[in-house]
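Here the structure comes first, spelled out in structure tokens, and everything after it is commentary.
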Amino acid sequence: FGFKKEMMEKGLVPDVFTYGTLVNGLCKGRRTKEAKELVGEMAQWGLSPGVVVYTALVDGFTREGKMEEVFETMREMEASGVQPNKLTYDNVIRGLSKMGRMEKACDLLKWMIKMGHMLDATSYTSLIEGHFKVGNKEQALHWFGEMKNNGVSPDVYTYSVMINGLCHCGGFKQAEHLLEEMFAEGLKPNEFVYSPLIAGHCRDGNVLLACETLDNMTKRDVFPDLHCYNSLINGLSKLGKMEEATKYLAQLQNRGHSPNEFTYGSLIHGYSKAGDMEKAELFFQEMLSRGIKPN
RNA sequence: CAUGAGCAU
Numbered sequence: 278f279g280f281k282k283e284m285m286e287k288g289l290v291p292d293v294f295t296y297g298t299l300v301n302g303l304c305k306g307r308r309t310k311e312a313k314e315l316v317g318e319m320a321q322w323g324l325s326p327g328v329v330v331y332t333a334l335v336d337g338f339t340r341e342g343k344m345e346e347v348f349e350t351m352r353e354m355e356a357s358g359v360q361p362n363k364l365t366y367d368n369v370i371r372g373l374s375k376m377g378r379m380e381k382a383c384d385l386l387k388w389m390i391k392m393g394h395m396l397d398a399t400s401y402t403s404l405i406e407g408h409f410k411v412g413n414k415e416q417a418l419h420w421f422g423e424m425k426n427n428g429v430s431p432d433v434y435t436y437s438v439m440i441n442g443l444c445h446c447g448g449f450k451q452a453e454h455l456l457e458e459m460f461a462e463g464l465k466p467n468e469f470v471y472s473p474l475i476a477g478h479c480r481d482g483n484v485l486l487a488c489e490t491l492d493n494m495t496k497r498d499v500f501p502d503l504h505c506y507n508s509l510i511n512g513l514s515k516l517g518k519m520e521e522a523t524k525y526l527a528q529l530q531n532r533g534h535s536p537n538e539f540t541y542g543s544l545i546h547g548y549s550k551a552g553d554m555e556k557a558e559l560f561f562q563e564m565l566s567r568g569i570k571p572n
């Protein structure tokens, strides 16, 4: 934004791309209020926002869950004769799904198909995630099947959402099955796929399987990131297996990660629950000394 | 110049 000022001082005129970049930056930083004002300002330069700028704005509002603003933006687009495209609608689907308005989200997706939009995994994945969010495993599975029927191949994002969703409703068996399916499809599972499995097995009380999962990913050349370790340490802490938990704490540090507030939160709760307040206090102090804020 | 995924209380 300093550059924008500088540009104007040098008499350079911002173009649609300048605004596009700025609007996008603001939207990513949860500053849609300012983004909207910026869009309003474009007219002063004789510029009118196109699909890209509007879509960035829609994206920003969906991130913040402001569906009313989304619809208002859509109306504004229509009023100024700008045609929304697939990306715009994808964002609306994601917004509706995030808000749990699944009937609307499904209707929109069906409508997109009818209108001949080429849907991809992104469109379906948002919808599937929404169904899991409202606890509707059946619909999630239904749309997972539907995307395949329509010739759209699930990608790593889709599988991570499916596996995460299934692990949250006790579908560990199906989750493991999908992991196999990924290999069969030639997809390489990443941290986003393994982490929910680890967390899920822990929640299930099956820490052994969780540890095995972490070891397996290492064997498959996927390096467990902090999320994976946190999931495991959290599971172990809840079961009071603090020796194991600290073992993985050491491993994570050996592999170049630094514990964060989640890691410490799990350890502190684990030790407190086990009645070892000294250790809990020790980790709390360590956390503070590393400049991590308690929450 | 613009879209999707995982961690504690």
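The numbering used here numbers the first residue of the first sequence as 278 and each following residue consecutively.
Glycine is no exception: its CB is placed at the ideal position from the N, C-alpha and C atoms.
- By the 16-neighbour rule on beta-carbons within 10 angstroms, W388 is exposed.
- Secondary structure note for M424: its alpha helix (DSSP H) is the uninterrupted segment K414 to N426.
- Nearest to E538 by C-alpha distance, out of K518, A551, M564 and H546, is M564.
- Sixteen is the threshold: when 16 or more other Cβ atoms of the shown chains lie within 10 Å of the Cβ of V484, as they do, the residue is buried.
- Counting every other CB atom within 10 Å of its CB across the protein chains shown gives S566 a total below 16, marking it as exposed.
- Taking Y366 as the centre and dropping the five residues before and after it, the same chain places the C-beta of M389 closer than 6 angstroms to its C-beta, in chain order.
- For the pair of segments examined, the region 319–329 was found not to touch the region 339–348: the number of CB pairs separated by less than 8 angstroms stays below three.
- By a beta-carbon distance limit of 8 angstroms, P501 does not contact L486. Their separation comes to about 15 angstroms.
- Non-local beta-carbon contacts of L455 in its own chain, meaning distances under 8 angstroms to residues more than five positions away in sequence, involve Y436, M439, I440 and L443 in chain order.
- Taking C-beta separations shorter than 8 angstroms and ignoring five residues to either side along the sequence, the partners of E341 in its chain run R307 and T309, following chain order.
- Secondary structure note for E520: its alpha helix (DSSP H) is the uninterrupted segment M519 to N531.
- A Cβ-Cβ contact shorter than 8 angstroms links K414 with G448.
- Close CB contacts of F469 within its chain, under the 6 angstroms cut and outside five residues either way in sequence, are with S437 (chain order).
- Counting along the chain, the unbroken alpha helix (DSSP H) around C505 starts and ends at L503 to K515.
- As the crow flies, the alpha-carbon of A312 is around 9 angstroms from that of Y296.
- DSSP, reduced to helix, strand and coil, places R352 within a helical segment of the structure shown.
- Within 10 angstroms of the beta-carbon of E457 lie fewer than 16 other beta-carbons, which makes it exposed.
- Just so you know, the alpha carbons of T399 and Q562 end up roughly 43 angstroms apart.
- L373 is positioned such that its CB atom lies closer than 8 angstroms to that of K381.
- Taking a C-beta distance under 8 angstroms as the contact criterion, C383 and G337 do not qualify as a contact pair.
- DSSP places R480 in the uninterrupted alpha helix (DSSP H) bounded by E468 to R480.
- Within the same chain, Cβ atoms closer than 6 angstroms to the Cβ of S543 are found at I510, N511 and S514, the five residues on either side in sequence being excluded.
- Along the region 542–568, the alpha helix (DSSP H) occurs as fully enclosed runs of 4 or more residues at 554–566, listed in sequence order.
- Between W322 and P291, the C-beta gap is smaller than 8 angstroms, which places the two residues in contact.
- S508 sits away from C488, with the two beta carbons spaced by 8 angstroms or more.
- For M284, the uninterrupted alpha helix (DSSP H) segment begins and ends at G279 to E286.
- DSSP places N483 in no alpha helix (DSSP H); its state is neither H nor E.
- Per DSSP, the unbroken alpha helix (DSSP H) holding C444 starts and ends at V433 to C444.
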